[in-house]
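Q: Line order of the protein sequences matches chains W and G. Under our numbering, the first residue of the first sequence is numbered 3, with each subsequent residue one higher. Under our numbering, the first residue of the second sequence is numbered 3, with each subsequent residue one higher.
There are 2 protein chains.
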Amino acid sequence: MAKLDRAFNPRVLAIVGDSGFFQWIRSHSDFKGKLYSVQVNPKTIERIEKMGIENYTSLVAIPEPVDLAIVAVGRKYALSVLEDCIRKDVAAAHFFTAGFSETDTQDGIDMGRALTDRAIEAGFHLIGPNCMGLFNPAVGLKQMGGQYVGAAGPVGFISQSGTHAINFSLEAHLQGVDVNKSVSFGNGTVLDAAEYLEYFGQDDGIKVIGMYLEGIREGRRFLDVLKEVSRKKPVVIWKGGRTQDGGRAIASHTGSLAVPQDIWDAAMRQGGAVTAPGMDALIDTLKALLYLNPVYGNRVVLAGGSGGQSVAITDAFTEVGLKVPPLTRESYDQFEEFFSIIGGSYQNPIDTGNPNRAQMKRIMDIIEGDYNIDNIVLLMYTGTGGPPGLEDRRDEEIQSIVDLRNRSSKPVMVTITVPFLPKVVGEARTLVKKLQDGGVPAFTSLDRGALALRNTLDYYQFQKRDD
Amino acid sequence: MAKLDRAFNPRVLAIVGDSGFFQWIRSHSDFKGKLYSVQVNPKTIERIEKMGIENYTSLVAIPEPVDLAIVAVGRKYALSVLEDCIRKDVAAAHFFTAGFSETDTQDGIDMGRALTDRAIEAGFHLIGPNCMGLFNPAVGLKQMGGQYVGAAGPVGFISQSGTHAINFSLEAHLQGVDVNKSVSFGNGTVLDAAEYLEYFGQDDGIKVIGMYLEGIREGRRFLDVLKEVSRKKPVVIWKGGRTQDGGRAIASHTGSLAVPQDIWDAAMRQGGAVTAPGMDALIDTLKALLYLNPVYGNRVVLAGGSGGQSVAITDAFTEVGLKVPPLTRESYDQFEEFFSIIGGSYQNPIDTGNPNRAQMKRIMDIIEGDYNIDNIVLLMYTGTGGPPGLEDRRDEEIQSIVDLRNRSSKPVMVTITVPFLPKVVGEARTLVKKLQDGGVPAFTSLDRGALALRNTLDYYQFQKRDD
Numbered sequence: 003m004a005k006l007d008r009a010f011n012p013r014v015l016a017i018v019g020d021s022g023f024f025q026w027i028r029s030h031s032d033f034k035g036k037l038y039s040v041q042v043n044p045k046t047i048e049r050i051e052k053m054g055i056e057n058y059t060s061l062v063a064i065p066e067p068v069d070l071a072i073v074a075v076g077r078k079y080a081l082s083v084l085e086d087c088i089r090k091d092v093a094a095a096h097f098f099t100a101g102f103s104e105t106d107t108q109d110g111i112d113m114g115r116a117l118t119d120r121a122i123e124a125g126f127h128l129i130g131p132n133c134m135g136l137f138n139p140a141v142g143l144k145q146m147g148g149q150y151v152g153a154a155g156p157v158g159f160i161s162q163s164g165t166h167a168i169n170f171s172l173e174a175h176l177q178g179v180d181v182n183k184s185v186s187f188g189n190g191t192v193l194d195a196a197e198y199l200e201y202f203g204q205d206d207g208i209k210v211i212g213m214y215l216e217g218i219r220e221g222r223r224f225l226d227v228l229k230e231v232s233r234k235k236p237v238v239i240w241k242g243g244r245t246q247d248g249g250r251a252i253a254s255h256t257g258s259l260a261v262p263q264d265i266w267d268a269a270m271r272q273g274g275a276v277t278a279p280g281m282d283a284l285i286d287t288l289k290a291l292l293y294l295n296p297v298y299g300n301r302v303v304l305a306g307g308s309g310g311q312s313v314a315i316t317d318a319f320t321e322v323g324l325k326v327p328p329l330t331r332e333s334y335d336q337f338e339e340f341f342s343i344i345g346g347s348y349q350n351p352i353d354t355g356n357p358n359r360a361q362m363k364r365i366m367d368i369i370e371g372d373y374n375i376d377n378i379v380l381l382m383y384t385g386t387g388g389p390p391g392l393e394d395r396r397d398e399e400i401q402s403i404v405d406l407r408n409r410s411s412k413p414v415m416v417t418i419t420v421p422f423l424p425k426v427v428g429e430a431r432t433l434v435k436k437l438q439d440g441g442v443p444a445f446t447s448l449d450r451g452a453l454a455l456r457n458t459l460d461y462y463q464f465q466k467r468d469d
Numbered sequence: 003m004a005k006l007d008r009a010f011n012p013r014v015l016a017i018v019g020d021s022g023f024f025q026w027i028r029s030h031s032d033f034k035g036k037l038y039s040v041q042v043n044p045k046t047i048e049r050i051e052k053m054g055i056e057n058y059t060s061l062v063a064i065p066e067p068v069d070l071a072i073v074a075v076g077r078k079y080a081l082s083v084l085e086d087c088i089r090k091d092v093a094a095a096h097f098f099t100a101g102f103s104e105t106d107t108q109d110g111i112d113m114g115r116a117l118t119d120r121a122i123e124a125g126f127h128l129i130g131p132n133c134m135g136l137f138n139p140a141v142g143l144k145q146m147g148g149q150y151v152g153a154a155g156p157v158g159f160i161s162q163s164g165t166h167a168i169n170f171s172l173e174a175h176l177q178g179v180d181v182n183k184s185v186s187f188g189n190g191t192v193l194d195a196a197e198y199l200e201y202f203g204q205d206d207g208i209k210v211i212g213m214y215l216e217g218i219r220e221g222r223r224f225l226d227v228l229k230e231v232s233r234k235k236p237v238v239i240w241k242g243g244r245t246q247d248g249g250r251a252i253a254s255h256t257g258s259l260a261v262p263q264d265i266w267d268a269a270m271r272q273g274g275a276v277t278a279p280g281m282d283a284l285i286d287t288l289k290a291l292l293y294l295n296p297v298y299g300n301r302v303v304l305a306g307g308s309g310g311q312s313v314a315i316t317d318a319f320t321e322v323g324l325k326v327p328p329l330t331r332e333s334y335d336q337f338e339e340f341f342s343i344i345g346g347s348y349q350n351p352i353d354t355g356n357p358n359r360a361q362m363k364r365i366m367d368i369i370e371g372d373y374n375i376d377n378i379v380l381l382m383y384t385g386t387g388g389p390p391g392l393e394d395r396r397d398e399e400i401q402s403i404v405d406l407r408n409r410s411s412k413p414v415m416v417t418i419t420v421p422f423l424p425k426v427v428g429e430a431r432t433l434v435k436k437l438q439d440g441g442v443p444a445f446t447s448l449d450r451g452a453l454a455l456r457n458t459l460d461y462y463q464f465q466k467r468d469d
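(1) Mark residue 461/W as exposed unless 16 or more other C-beta atoms lie within 10 angstroms of its C-beta, in which case mark it buried.
(2) Would you list the one or two residues that DSSP bridges to residue 301/G?
(3) I want to see whether chain W comes within less than 8 Å of residue 265/G, judged by CB atoms only; does it?
(4) I'd like the span of the beta strand (DSSP E) that includes residue 70/W, first residue to last.
(5) Give me the chain G residues within the contact set of residue 314/W, using Cβ-Cβ distance strictly less than 8 Å, ordered along the chain.
(6) Helix, strand or coil, according to DSSP, for residue 216/G in the structure here?
(7) Nearest-angstrom Cα distance between residue 264/G and residue 273/G?
(8) Does the beta carbon of residue 1/G come closer than 8 Å to any beta carbon on chain W?
(9) Step through the CB atoms of chain G and report whether any lies within less than 8 Å of the CB of residue 417/W.
(10) Since residue 334/G sits in a beta bridge, which residues does DSSP pair it with?
(11) Considering only C-alpha positions, which residue in the set 151/G, 107/G and 341/G is nearest to residue 356/G?
(12) For residue 214/G, return the contacting residues in chain W, with the cut-off set at a CB-CB distance below 8 Å.
(13) Against chain G, which members of the region 396-428 of chain W pass a CB distance test of less than 9 Å?
(14) Please state the DSSP three-state secondary structure of residue 21/G.
(15) Count the other CB atoms within 10 Å of the CB of residue 423/W; is the residue buried (16 or more) or exposed (fewer)?
(16) Residue 136/G touches chain W at which residues, Cβ-Cβ below 7 Å?
(17) Less than 8 Å between the C-beta atoms of residue 349/W and residue 244/G, yes or no?
(18) Taking residue 103/G and residue 257/G to be in contact with their CB atoms under 8 Å, please state how far apart those CB atoms are, rounded to whole angstroms.
(19) State the DSSP-derived secondary structure class of residue 255/G, mapped to helix, strand or coil.
(20) Any residues in the region 323-344 of chain W with a beta carbon nearer than 8 Å to a beta carbon of chain G? Which ones, in chain order?
(21) Judging by CA-CA distance, which residue of 409/G, 247/G, 327/G and 418/G is the nearest neighbour of residue 306/G?
(22) Whole angstroms are fine: how far does the CA of residue 354/G sit from the CA of residue 332/G?
(23) Using a Cβ-Cβ cut-off of 6 Å (strictly less than) and excluding sequence neighbours within five positions of residue 208/G, which residues of its own chain qualify?
(24) Tell me whether the beta-carbon of residue 184/W lies closer than 8 Å to the beta-carbon of residue 295/W.
(25) Skipping 5 residues on each side, what residues in its chain have a beta carbon closer than 7 Å to that of residue 121/W?
(26) Starting from residue 254/W, find everything on chain G with Cβ-Cβ shorter than 7 Å and list it in chain order.
(27) By DSSP, does residue 286/W sit in helix, in strand, or in coil?
(28) Would you say residue 172/W reaches chain G, if we count a Cβ-Cβ gap shorter than 8 Å as a contact?
(29) Would you call residue 60/G buried or exposed, if buried means 16 or more other Cβ atoms sit within 10 Å of its Cβ?
(30) Starting from residue 251/G, find everything on chain W with Cβ-Cβ shorter than 7 Å and list it in chain order.
(31) Note the first and the last residue of the continuous beta strand (DSSP E) segment covering residue 103/G.
(32) CB residue 444/G to CB residue 416/G, shorter than 8 Å?
(33) Grouping DSSP H, G and I as helix and E and B as strand, with all else coil, what is residue 411/G?
(34) If you measure from the beta carbon of residue 1/W to each beta carbon in chain G, is any gap under 8 Å?
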């Protein structure tokens with residue numbers, strides 16, 4: 003733990019053998035600690051020193067303790083760099099270097115095994131190989147230049163894929179869900195998912211954990227750690243390679259063995275994890291878990307659509323196993339006092355075509371107090387999708403929704419439909435941000451909101467069963 | 003047919019009783035024929051005449067034959083306007099007026115029945131009531147002001163929901179799929195889905211037909227028409243109200259009765275229709291049917307991802323029932339000559355992390371000739387999601403893909419992942435447009451592309467079975 007803690011929060015970072023584009027040196031221009039380069043070619047050293055980076059021709063020569071080494075050498079040099087890391091007592095090393103077991107060639111398998119065996123023998127914390135390493139925005143440690151710095155979010159992310167780790171950090175950020183720490187661990191031959199999960203479990207800055215996994219080496223140990231961590235905070239797992247052909251694809255990617263999907267799902271449920279079928283579902287589920295009040299029931303009220311939209315959102319929420327039941331007699335009595343039923347219904351969903359939309363505050367009061375309803379879902383619109391005059395009322399409406407969230411113990415969420423239009427996507431992002439700043443998660447399609455709520459219910463049901 | 007033909011291509015349009023915002027008069031400012039207003043209130047008439055619109059106090063007084071009347075009066079005047087339409091021998095009338103059977107009140111049911119009975123007795127073509135009517139961009143006939151004019155696309159759309167009809171026209175347009183004619187028919191008490199389907203079936207400007215339905219009044223007649231039309235052109239149907247609670251929602255919306263989903267699906271398949279679970283799937287399936295070469299097999303090659311992305315796209319395509327099989331030995335022999343296997347695999351999916359992406363043309367040649375492969379799916383990137391240097395190569399790559407499409411009999415499609423970022427959505431739209439101008443459909447997520455291809459295969463399998 004102490005060594006992983008140093009690696010995820012490095013004060014001293016060494017980048018070894020990052021030639022060509024200097025991808026790793028460049029991406030750490032915002033690094034808040036001390037950065038060293040290790041290169042042997044005089045011409046390369048000259049270019050690195052011009053960038054203002056201190057270079058040594060050997061890791062061992064660096065004049066202070068190193069918390070993390072990023073190793074980007076050709077695979078035939080990997081073992082000798084590992085020896086240097088061990089000798090220097092570096093806390094951990096991220097091996098970007100690839101070309102091992104995942105190539106399914108004898109050469110690659112042999113070189114990978116030698117690297118793994120030596121690290122295990124020395125008790126060395128090797129991250130990877132064949133991976134994008136660590137991301138900690140608070141200290142400017144990155145997996146790729148385009149990642150953000152400064153904002154320390156509440157999410158821990160553990161990924162067997164570098165592409166998914168990077169895309170997750172960028173897309174979740176756009177959706178208002180920020181990373182605290184993230185790791186892409188690739189082949190995971192020394193440190194595997196269980197070690198990172200255990201570490202994130204005891205990190206109080208991390209409130210929820212997302213994972214992308216293709217396989218697990220030590221199933222028993224992973225499940226034990228998962229059970230322990232999921233008691234303390236939600237863990238959401240996206241499994242890659244869910245079909246037979248997908249299993250072949252993961253074999254080519256990280257060399258993981260395919261696990262039948264039903265066995266995997268049962269094991270994850272047993273461990274208390276929520277499962278997500280892809281990137282969007284993973285982001286949305288983490289968002290729901292972060293922002294929503296605890297979800298203890300499956301009955302949902304849907305308000306703010308009209309006509310066909312009300313039908314579509316009912317289908318979306320009920321197809322994931324939630325209920326959209328009739329309201330109580332008391333609620334219907336209140337609706338009868340003011341609701342225009344021409345072009346609208348208040349059976350549930352509550353239609354708000356003009357003029358009912360102007361009564362949203364009153365509608366929210368009624369549904370908040372309804373005993374048949376556990377969760378409140380409100381539809382909002384961007385751009386051309388909404389009724390006329392909506393733009394002016396929007397900020398006022400956001401404030402009422404935030405007020406509702408603050409006074410209600412019921413989970414409150416919003417769904418938005420986003421047309422394929424840059425201007426409207428900009429509007430939608432502003433809307434999502436304003437709502438989430440007020441504690442109300444907003445989802446960018448009906449289906450995405452429905453699945454996120456369902457997954458959040460699953461999490462709280464697991465917690466209850468266990469108590 | 004002749005009367006519907008006049009209604010969908012009106013030269014003379016009368017708008018009756020559209021007070022308040024003048025929503026219907028305003029939305030027809032681009033109408034290419036002659037527009038009359040019918041109003042009785044002197045103050046309203048004054049405002050209408052200021053807009054340069056000729057007004058009569060009765061429909062019957064209009065001095066020439068009327069092809070279509072848009073009726074937007076209160077429901078208690080609906081029957082008397084219908085009498086005027088009959089007396090004037092208007093070809094058809096779109097009743098925007100709502101408040102009938104869909105309110106589930108005795109008043110509404112009675113007024114609706116009287117309207118329906120009178121129209122049927124007179125053999126009058128009543129569209130609606132409770133609907134947004136007709137859209138024909140070529141003549142500037144609209145369901146809402148924001149719809150486009152001028153471009154006559156290849157799609158016919160028939161919808162029981164006005165919201166879905168309008169949203170479909172806007173979103174499909176953004177996705178490069180344009181409407182030829184569209185109808186929102188609401189309660190459909192006189193003219194129902196079958197009549198519109200039959201009409202679109204014989205309209206040579208319409209190449210594919212999309213439908214949103216909540217229910218069918220005369221099932222036998224609808225299936226007979228569907229069977230006949232689907233032999234000539236693809237019909238894609240989105241059914242609203244697929245669950246028990248969704249069934250309650252459609253009852254409040256258009257008064258349709260719920261049909262068990264399995265019975266509905268079986269009937270639609272028997273009729274030769276492809277089914278879509280929502281708006282996105284409907285648009286994507288129409289797009290695939292319009293652009294792709296005939297899809298005769300389920301074996302897919304996936305090229306252009308890398309690592310975790312390759313796994314995700316394999317999962318997406320195989321989870322809808324397609325296959326991502328190994329290639330032939332001959333193809334593998336060709337790949338061995340140049341392919342960098344460090345950080346990449348050519349098993350299928352074909353990974354194109356750097357440097358393999360530079361070889362895309364060579365990769366496309368190999369997979370085009372592979373006997374194990376029926377369909378070609380290529381991944382492209384926008385913005386921050388792609389490898390460095392991609393931007394410069396993109397136009398060249400688009401051209402190679404279009405060339406491939408032109409010389410190959412295999413279906414060729416592209417999937418793009420689109421981050422939630424206005425700038426990148428703009429880039430993605432340009433990319434989609436360039437590809438589709440070259441005849442290659444582009445889909446904005448892996449899952450969306452997978453389902454569209456699967457649905458297209460279903461359509462061609464139905465056609466084959468029937469021959």
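Ideal placement from N, C-alpha and C gives every residue a C-beta, glycine not left out. Computed from a predicted model, the values in this text were never measured in an experiment.
A: So, from the data block:
(1) buried
(2) 325/G
(3) no
(4) 70-73
(5) 166, 242, 280 and 281
(6) coil
(7) 14 Å
(8) One cannot answer for residue 1/G here, as it falls past the ends of chain G, which runs 3 to 469.
(9) no
(10) BP columns for residue 334/G are empty, so no partner.
(11) 341/G
(12) 310
(13) 419, 420, 421, 422, 423, 424, 425, 426, 427 and 428
(14) coil
(15) buried
(16) Correct list: empty, because the minimum Cβ distance to chain W is about 17 Å.
(17) Cβ atoms of residue 349/W and residue 244/G: not closer than 8 Å.
(18) 4 Å
(19) helix
(20) Result list: 325, 326, 327, 328, 343 and 344.
(21) 418/G
(22) 20 Å
(23) 158, 182 and 202
(24) no
(25) 84, 128 and 192
(26) 347 and 349
(27) helix
(28) yes
(29) Classification of residue 60/G: exposed, given that the 10 Å Cβ count is below 16.
(30) 312, 313, 316 and 351
(31) No beta strand (DSSP E) contains residue 103/G, which DSSP labels as neither H nor E.
(32) yes
(33) Residue 411/G: coil per DSSP, three-state reduction.
(34) The requested residue 1/W is not part of the displayed model; chain W covers only 3 to 469.
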